[in-house]
């Protein structure tokens with residue numbers, strides 16, 4: 003027999019109980035120790051929703067995107083909360099029902115990417131594996147509450163926007179099969195809807211992809227990572243499930259969970275005794291928190307109801323909580339994530355299993371319900387790192403902003419991969435500043451800050467990762483050659499300059515010079531290789547007597563680029579072996595070929611060779 007403990011929950015207000023007849027089995031919202039589906043719970047081991055309903059029961063102005071098997075938008079417990087297209091929002095395949103002039107028409111309810119060849123405007127849930135996986139998820143987030151039928155969602159009133167990308171071919175983890183590219187298309191449809199005026203603030207994704215089976219995930223240029231980052235650039239919180247294979251996501255990555263992005267929350271499941279089921283994935287640096295996910299009763303297809311267990315259900319609880327918080331307090335995406343993660347119920351069994359060591363408590367996160375009952379600091383703006391991410395340089399952490407008057411801060415620096423994912427603590431790095439080590443080259447760095455006052459310590463708040471750390475290694479620039487690395491631009495932007503770190507080559511002869519000009523190539527060559535020339539900068543002349551440091555390569559006028567992949571680098575000329583560039587070794591990171599500097603960069607790029615040197619080069623841009 004195992005014993006586990008949780009921090010005492012201070013009941014700031016009595017629970018608000020809706021009149022939905024099946025609410026007594028919804029232990030996730032109110033756990034009185036009742037027996038549900040043969041399992042007996044522990045009173046208080048719930049997500050705090052019933053107490054939060056004293057403050058807010060949701061708002062139809064908050065739109066939650068759901069990428070899943072669709073949903074049964076005719077279900078009597080969901081229909082009133084399902085989004086209805088005013089017309090002209092979202093692309094679709096011409097000639098399909100509801101599609102008018104290439105966009106979804108009036109009265110449609112989302113989109114369907116389950117058949118990649120044909121995009122329709124009908125997200126009806128046809129899943130047979132779980133009899134409506136997406137419908138079940140939708141009910142957790144926003145089944146109509148206090149309407150005298152069925153169940154109550156985390157939000158009694160909200161707006162559910164389904165984008166179907168899973169079909170019903172097999173009984174997989176999320177109930178149906180779907181590809182990474184289909185999920186990207188679904189997320190992009192939601193992003194387009196938001197940009198067209200739909201107030202999408204949260205996106206729920208209950209599907210996981212095993213990294214070993216999807217080679218592009220977690221690698222430079224990962225398209226799914228880029229799409230989720232674009233959601234974040236548009237203020238959208240992305241909530242995803244940790245998975246159901248009982249594995250440690252830190253060592254066996256599943257995606258999107260393992261990305262560790264600033265706009266992402268990864269959730270695992272607990273049962274009604276705050277225990278981690280044997281099937282639930284975990285990860286002390288990749289999984290953020292737990293939420294009710296076992297024996298969850300919710301809506302199913304064809305007006306039905308039933309139980310499903312899984313990380314999908316836990317993710318839906320957190321997505322619903324995010325929408326509920328927003329209905330009470332229209333905070334930024336960063337503050338919303340901090341509200342959720344800084345206000346968990348601490349559970350001893352989850353320490354070392356999830357980053358926060360706790361489970362969802364939406365009441366604590368809502369002002370006036372219980373967020374400040376214990377008086378511990380609450381993060382309101384994430385920590386920031388200043389300094390140049392290069393071996394031998396010093397990085398300094400700013401603690402961010404906190405409520406409840408912290409009296410001290412502690413710091414824990416972390417080393418992450420080049421995408422900012424798969425982070426692990428750096429031994430001994432516990433001060434406000436950190437000197438970058440040789441082992442950090444090719445990685446990114448972030449810092450977790452914990453604030454303390456007389457009432458106790460907060461959950462850690464984590465900064466965004468730095469740029470990829472530049473190694474101390476350096477090579478001389480040869481002459482008459484183009485060198486480019488692949489870069490991802492998350493949003494449409496105007497690029498004003500490139501900047502490169504140069505140092506004098508100690509073997510060069512006094513008075514020698516080398517010319518460098520910045521170049522941007524489109525990734526429209528074969529298999530995304532450098533293709534047509536997008537722009538070239540004014541030339542820089544670097545002489546053997548100049549100091550090492552950052553040098554700008556400005557464009558004569560800002561270069562307008564759409565979001566997407568590009569190849570950015572330089573063309574060199576003049577006397578060789580004068581300028582050295584710093585680099586990090588990253589397999590197959592750079593393409594290059596010969597090109598006369600006097601003739602200017604060729605268009606297109608031309609035949610190329612590949613090597614493993616990622617230059618210390620940055621682009622400065624302003625979002626359009």
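Residue numbers (the working numbering): 3 to 626. Heads up, the beta-carbon is just placed ideally off N, CA and C, and yes, glycines get one too.
Based on the DSSP output, what are the partners of residue i in its beta bridges?
i: residue 132; result: The partner list for residue 132 (beta bridge, DSSP) is empty, contrary to what the question assumes.
i: residue 620; result: 501
i: residue 87; result: None, per the DSSP bridge assignment.
i: residue 275; result: Residue 275 pairs with nothing; no bridge assigned.
i: residue 398; result: 388 and 435
i: residue 164; result: 68
i: residue 42; result: 37
i: residue 266; result: 240
i: residue 124; result: BP columns for residue 124 are empty, so no partner.
i: residue 114; result: 122 and 166
i: residue 211; result: 257
i: residue 204; result: 66 and 239
i: residue 291; result: 269
i: residue 412; result: 452
i: residue 285; result: 356
i: residue 478; result: 582
i: residue 298; result: 310
Report the CB separation of residue i from residue j in whole angstroms; it is logged as a contact under 8 angstroms.
i: residue 498; j: residue 520; result: 11 angstroms between Cβ atoms; not a contact.
i: residue 540; j: residue 524; result: No, residue 540 and residue 524 are not in contact; Cβ-Cβ is about 20 angstroms, not under 8 angstroms.
i: residue 195; j: residue 91; result: 5 angstroms
i: residue 572; j: residue 545; result: With 8 angstroms as the limit, residue 572 and residue 545 do not qualify as a contact, their Cβ atoms being about 17 angstroms apart.
i: residue 189; j: residue 335; result: Rounded, the Cβ-Cβ distance is 15 angstroms, inconsistent with contact.
i: residue 583; j: residue 617; result: 5 angstroms
i: residue 111; j: residue 305; result: The Cβ separation is near 16 angstroms, so there is no contact.
i: residue 328; j: residue 448; result: Their Cβ separation, rounded to whole angstroms, is 26 angstroms, which puts residue 328 and residue 448 out of contact at 8 angstroms.
i: residue 367; j: residue 463; result: The Cβ separation is near 14 angstroms, so there is no contact.
i: residue 505; j: residue 476; result: 6 angstroms
i: residue 280; j: residue 248; result: 6 angstroms
i: residue 426; j: residue 287; result: 6 angstroms
i: residue 586; j: residue 438; result: With 8 angstroms as the limit, residue 586 and residue 438 do not qualify as a contact, their Cβ atoms being about 12 angstroms apart.
i: residue 370; j: residue 57; result: 5 angstroms
i: residue 291; j: residue 356; result: 5 angstroms
i: residue 125; j: residue 72; result: 4 angstroms
Find out if the Cβ-Cβ distance for the pair residue i, residue j is shorter than 8 angstroms.
i: residue 468; j: residue 397; result: yes
i: residue 107; j: residue 134; result: no
i: residue 136; j: residue 68; result: yes
i: residue 200; j: residue 163; result: yes
i: residue 206; j: residue 321; result: yes
i: residue 567; j: residue 496; result: no
i: residue 324; j: residue 243; result: no
i: residue 628; j: residue 160; result: Past the edges of the chain, shown from 3 to 626, lies residue 628, and the structure says nothing about it.
i: residue 152; j: residue 24; result: yes
i: residue 234; j: residue 262; result: no
i: residue 131; j: residue 166; result: no
i: residue 157; j: residue 21; result: no
i: residue 588; j: residue 222; result: yes
i: residue 590; j: residue 614; result: yes
i: residue 319; j: residue 49; result: yes
i: residue 284; j: residue 332; result: no
i: residue 260; j: residue 295; result: no
Is it buried or exposed, residue i, if we count other Cβ atoms within 10 angstroms and call 16 or more buried?
i: residue 105; result: buried
i: residue 184; result: buried
i: residue 55; result: buried
i: residue 484; result: buried
i: residue 440; result: exposed
i: residue 373; result: Legend: pLDDT at residue 373 = 41, less than 50; position of this residue unreliable, value from coordinates given subsequently. That one is buried.
i: residue 445; result: buried
i: residue 416; result: buried
i: residue 574; result: buried
i: residue 576; result: buried
i: residue 651; result: Nothing about residue 651 can be reported from this structure: the residues present for the chain run from 3 to 626 only.
i: residue 395; result: exposed
i: residue 177; result: Summary for residue 177: the model assigns pLDDT 40, below 50, so the residue's position carries little reliability, and this model does not support an answer.
i: residue 41; result: exposed
i: residue 456; result: exposed
Check whether the Cβ of residue i lies closer than 7 angstroms to any heavy atom of the ligand ZN, and answer yes or no.
i: residue 294; result: Looking at this structure, you won't find the ligand ZN or any other ligand, since it has none at all.
Quick one: complete beta strand (DSSP E) runs, 3+ long, within the region 305-387? 307-310 and 380-383
Can you list, in chain order, the stretches of the alpha helix (DSSP H) that have 4 or more residues and sit fully within the region 49-109? 51-54
In chain order, which continuous runs of the beta strand (DSSP E) of length 3 or greater are located wholly inside the region 493-581? 495-506, 515-524, 535-545, 551-563 and 566-576
Would you list, in sequence order, the uninterrupted beta strand (DSSP E) runs of no fewer than 3 residues that lie entirely inside the region 424-476? 435-437 and 446-455
Tell me the start and end of each unbroken beta strand (DSSP E) in the region 580-613 that is at least 3 residues and wholly inside, in chain order. 581-586, 592-596 and 611-613
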